[in-house]
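Numbering (the numbering used here), first residue to last: 44 to 176. By construction, the Cβ of each residue, glycine as well, lies at the ideal position given by its N, Cα and C atoms. One structure is given below, encoded as structure tokens.
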């Protein structure tokens, strides 16, 4: 789980957090997981790019306050990772998302297979990861 403090600039003219800000929340939930050395997802010579993002907006979020982002690995592909994510505001789930990232070779910029040990470990874990932040 990752906590983010809302900023006044996150608001739109309707005085709630703008829908586009959810994308930033979701990124903030994924990146610490990807970069944490305990999970081994950050691979030398590789990077990740967002290939797909589906968001269901369930409730408004109002300033001031915090949101909490939960992230789990939902699917492990040949060169991709799909994450299930949720954004919570107070005691409500404000949004659900499915984010798919593709691993690219940094030099060729072409998809690169996930290391076999990483893929096996993530599949065996059933998506569960310890808290990262």
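Asked                                                                                                                           : Found
Beta carbon of residue 47, beta carbon of residue 63: below 8 Å?                                                                : no
Helix, strand or coil for residue 176? Go by DSSP, reduced to three states.                                                     : Bear in mind that the predicted position of residue 176 carries a pLDDT of just 45, short of 50, making it unreliable; the figure below should be weighed with that in mind. Coil.
Skipping 5 residues on each side, what residues in its chain have a beta carbon closer than 6 Å to that of residue 61?          : 55
If we ignore side chains and look at the alpha-carbon of each, how far apart do residue 69 and residue 93 end up?               : 11 Å
Can you give me the start and stop residues for the alpha helix (DSSP H) that residue 167 sits inside?                          : 159 to 167
State the Cα-Cα distance for the pair residue 155 and residue 84, rounded to the nearest angstrom.                              : 13 Å
Output yes or no for whether 8 Å exceeds the beta carbon distance between residue 143 and residue 127.                          : no
Rounded to the nearest angstrom, what separates residue 89 and residue 73 at their Cα positions?                                : 16 Å
Should the region 157 to 171 be called in touch with the region 103 to 110, which here means at least 3 C-beta pairs below 8 Å? : no
Measure the CB-CB distance between residue 65 and residue 130 and report whether it falls below 8 Å.                            : yes
How would you call residue 137, buried or exposed, if buried means at least 16 neighbouring beta carbons within 10 angstroms?   : buried
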